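Remarks on the structure that follows.
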Amino acid sequence: MAFSELGLSPEILQAVSEAGYTTPTPIQEQAIPHVQLGRDVLGCAQTGTGKTASFVPPMIDMLAAGRGRARMPRSLILEPTRELASQIASAFEVYGKYHRLTMALLIGGESFTDQEKKLDRGVDVLIATPGRLLDLYGRGKILLQDVRILVIDEADRMLDMGFIPDVERIVGLLPKERQTLFFSATMPPEIKRLADFFLSDPKEIAVTPPASPAETVKQSLLVVGPADKREALFRLIRSEDVKNALIFCNRKRDVDLLSRSLARHGFDVAALHGDMAQARRTLTLERFKNGEIRLLAASDVAARGLDIAGLSHVFCFDVPHHAEDYVHRIGRTGRAGREGRSFMLAVPEDAKAVSAIEKLIGREIPRGRIDGLAETPLEFVPGGSRLPPRVEGRPPRKSFSSQNVPRQAKRRPENEGQREKTSDPRREGGPTITGNPQTPRRNGDTDAAVGFGDHLPAFLARRPKHTL
Ligand code: AMP
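Residues 4 to 471 in this note's numbering are what the sequence shown spells out, letter by letter.
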C-alpha cells in the first residue's frame, strides 16, 4: 500500500513524501483510516514502529478546518517525558509544514511565561507532560472543554512513572464527546483496564507482539567479573564499528561515573539522566542527535522512546532489573528497518535477571566473549530473588517483599531525592517517587497497584469490557 491510498490530504502527502516515506508502516496502515473516521483507537505498538505518524498526519487533517481559541486547545497529546513530548512536537512540524496549525509544547523545566503566551494566542495542538499541564490548569491558564481529540501515548510508561492519577484527572477535565487514541508498548492488565475506562468501542491494533525486540537488532550477552565491567565496555567500543551508541546504566549516579570514566579514557561521551536541568538535557540530546557526541551514557527514564536516526549500537552496562526495560533499551537501535547491534554486560550474579529477559523475549541472547578478559559463568542462587524496586522510583511490584531485598535495593532509586521547582516534582513530566520502595505496602504486597502509589483508582476495581 502507498500513503496516497490512505485518504490523507495532498498537503500531508507532500510533507510525508518530503520526509522520505513512501509506504506506511503496519501501524500507520491500520490506524490512520480509523483515526480519520473519528473512532477511538487502542494501539499496542512500541516506538520504532512509526507509531507517531499513525496519529499525527490524520490529526492535522482533521484539525485543519478550525482554529483554537485563546487558552482552549482543540487537541491534546499526553507524553510521559519531556523528550518524547519534544519528539512529537518535531513530528508535528514535519508533517504539518503545509498547514497553518498552531501548537504548544508544555513541558517541565521550561519557562511558564512563554508557554502561557502561546496558550493565550490559541493553540490547535497541545503536547504536554501531565504534571506541567495540571500546573497550568491549576493557575487558570488553560481550559480543556474544547479538546476534541486526546492522545495518550506510551501509557505503560505513564503507569511506570506514577502519572496515571494525573492522567485520570486530566481526562476528567475533558469533554465526554471526544476521540481518544491510546498507545502503549505493552498491554499489562492495568493498562487494559485503563484503556477500557478511557476509550469507547475502540479499534484495537497490535502491530508487534508486546515485548518483542526488533528483529533487526543483533544482540549479544557478555558475562564478566564485576571488576572487569568497565574494561569490557572500553574494549567492546574500541573493537566494534561504533558510529554512535547509547550506554545504559541502572542508576543515575552510575551514568555520571561511567561517563566521566569513559571521558578519561579518551571517549567522546556525554551523560543524560533525569537529575540534569532540562536545558542541559535538551542540548546534550541535540548534540548527540547531530553527531557532535558519539557516546551517550543514559538512564532508562531519560532515553526511553528516543528516536535517534541510525543509532548503530546500544550497550547495556548493567542488566536492567525489569526485563521489559531491556526491550526498550535495545529498541533504540535497529529502527525503521536498519540494522542495529546491542551488547549487554552481565556479572555472574545477574543470572536471574538475564533469564527473566530471555523468558520475556522468548529466546536466548547469544553469548559473546571479549579477548583478554576471563569468561565467567552466570551464577544462579537457589530461591534468591534479585528484584530490587524499579529504579525510577516506582512502587514495588507484587512479588517484592522486604524479606528478599537484595543489596542493590538499599541503594537510592534513580530519581530519589529529585526535587524540582514546582510544588509537586512529579508534575514536571520528569520521574517521580511514589513512596519508599522498601516500605511494605499498607495492605500487604498482593494488592499493590503498580505505578499508582497509594492511590487505587476506581476503574481498576472494575472488570474490563474487552481485552486485546
Ligand atoms: P516512531 O515509532 O513514531 O518513533 O517512528 C520511528 C521512526 O520511523 C522515526 O524515525 C520515523 O521518522 C520513521 N518512520 C515513520 N514512518 C515511517 C515510514 N512510513 N517509513 C519509514 N520510516 C518511517
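Just so it is clear, CB atoms sit at the ideal spot from N, CA and C, and this is done for glycine as well.
Note that the coordinates shown come from a computational prediction; the quantities given were computed from them, not determined experimentally.
Spanning the alpha carbons of Ala198 and Arg72 requires a straight line of approximately 29 Å. Using a Cβ distance threshold of 8 Å, Thr50 and Gly313 do not count as a contacting pair. In this model, Glu352 and Phe383 are separated by some 7 Å (Cα to Cα). Within the same chain, and ignoring the five residues on either side of Arg74 in sequence, the residues whose Cβ sits closer than 8 Å to its Cβ are Leu122, Asp123, Gly125, Lys144, Ile145, Leu146. With fewer than 16 neighbouring CB atoms inside 10 Å of its own CB, Met4 falls in the exposed class. Here Glu207 carries a strand assignment [DSSP, helix/strand/coil].
About 5 Å separates the beta carbons of Gly277 and Val304, which is inside the 8 Å limit, making them a contact pair. Residue ranges of uninterrupted beta strand (DSSP E) with 3 or more members, entirely inside the segment 240-286 and ordered along the chain, are 248-251, 272-275. Residue state for His316 is assigned as strand, using DSSP reduced to three classes.
Val97 carries a helical assignment under DSSP once its states are collapsed to helix, strand and coil. If only uninterrupted alpha helix (DSSP H) runs of at least 4 residues are considered, those enclosed by the segment 68-150 are 85-98, 115-124, 133-141. Annotated three-state conformation of Phe346 is strand, per DSSP.
Val154 sits in a strand when the DSSP states are folded into three classes. Ligand 1 never approaches Ala92 closely enough for any of its heavy atoms to be under 7 Å from the residue's Cβ. Contact between Leu109 and Leu129 holds: their C-beta atoms lie close to 7 Å from each other, under 8 Å. If one requires a minimum length of 3 residues, the beta strand (DSSP E) runs lying completely within the segment 38-62 are 44-47, in chain order.
The closest CA to that of Ser187, considering only Glu207, Leu176, Pro178, Ser203, is found on Glu207.
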